[in-house]
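Heads up: the sequence shown begins at 1214 in the working numbering, then just goes up one per residue.
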Amino acid sequence: MTDETPQAETTEGSTEGDPPKAKFFRKKFTTARLPADSAVRQGQVATLAFLKLGREEATAFLNTFDEALGGRPLDLAVASADGLRAVEAAIAARAGSKG
């Protein structure tokens, strides 16, 4: 029977013959994660923009400063529910003017 106990990750010792040192408690993520409600708003606005404007126009719109909105639409939508509604209205206006 084999021992299937997980082993600690190790690094090589120095050239002077020091034994390897175990790495414990390594963080999985090194950057701040987006809160769940912000992530949901990000998904909603991106999906709507892609459906209404198409891939290239949606990407350009969401990532470029918009004078009328007073900021980058993706940032505004992620920041608050009011920002999401304003960006959704701007997408609807752009989509309506296309056809």
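Glycine is no exception: its CB is placed at the ideal position from the N, C-alpha and C atoms.
TODO: Label G1296 either buried or exposed according to how many other C-beta atoms from any shown protein chain fall within 10 Å of its C-beta, with 16 as the threshold for buried.
DONE: Taking the first residue of the sequence shown as 1, we reach residue 1296 at position 83. Taking all protein chains in view, the Cβ of G1296 is crowded by 16 or more other Cβ atoms within 10 Å, so the residue is classified as buried.
Open item on the list: What residue range does the alpha helix (DSSP H) around P1248 cover?
Closed with: Walking along the sequence shown from the start, residue 1248 turns up at place 35. Note, P1248: premise wrong, no alpha helix (DSSP H); not H, not E.
Task: Residue burial classification, L1289 (beta-carbon count within 10 angstroms, cutoff 16) - done: Along the sequence shown, one-based indexing puts residue 1289 at 76. In this structure L1289 is buried. Its beta-carbon is surrounded by 16 or more other beta-carbon atoms within 10 angstroms.
Open item on the list: Using a 10 Å radius around the Cβ and a threshold of 16 neighbouring Cβ atoms, would you call L1247 buried or exposed?
Closed with: As a working mapping, residue 1247 is identified with position 34 in the sequence shown. So L1247 ends up on the exposed side.
Open item on the list: Between which two residues does the alpha helix (DSSP H) holding L1282 run?
Closed with: Here residue 1282 is taken as the residue at index 69 of the sequence shown, counted from 1. From DSSP, L1282 is part of no alpha helix (DSSP H); its letter is neither H nor E.
Task: Residue burial classification, A1292 (beta-carbon count within 10 angstroms, cutoff 16) - done: By one-based count along the sequence shown, residue 1292 stands at place 79. Under this definition A1292 is an exposed residue.
Open item on the list: Let me check one thing: in DSSP terms, what residues is K1265 bridge-paired to?
Closed with: Walking along the sequence shown from the start, residue 1265 turns up at place 52. K1265 pairs with nothing; no bridge assigned.
Task: Cβ-Cβ separation, L1266 to R1298 (assumed contact under 8 Å), whole Å - done: Your numbering for residue 1298 matches position 85 in the sequence shown. Your numbering for residue 1266 matches position 53 in the sequence shown. R1298 to L1266, Cβ: 17 Å. No contact.
TODO: Taking all protein chains shown into account, decide if F1274 is buried (16 or more other Cβ within 10 angstroms of its Cβ) or exposed.
DONE: Translated into the one-based positions of the sequence shown, residue 1274 becomes position 61. Of the other Cβ atoms in all chains shown, 16 or more fall within 10 Å of the Cβ of F1274; this residue is therefore buried.
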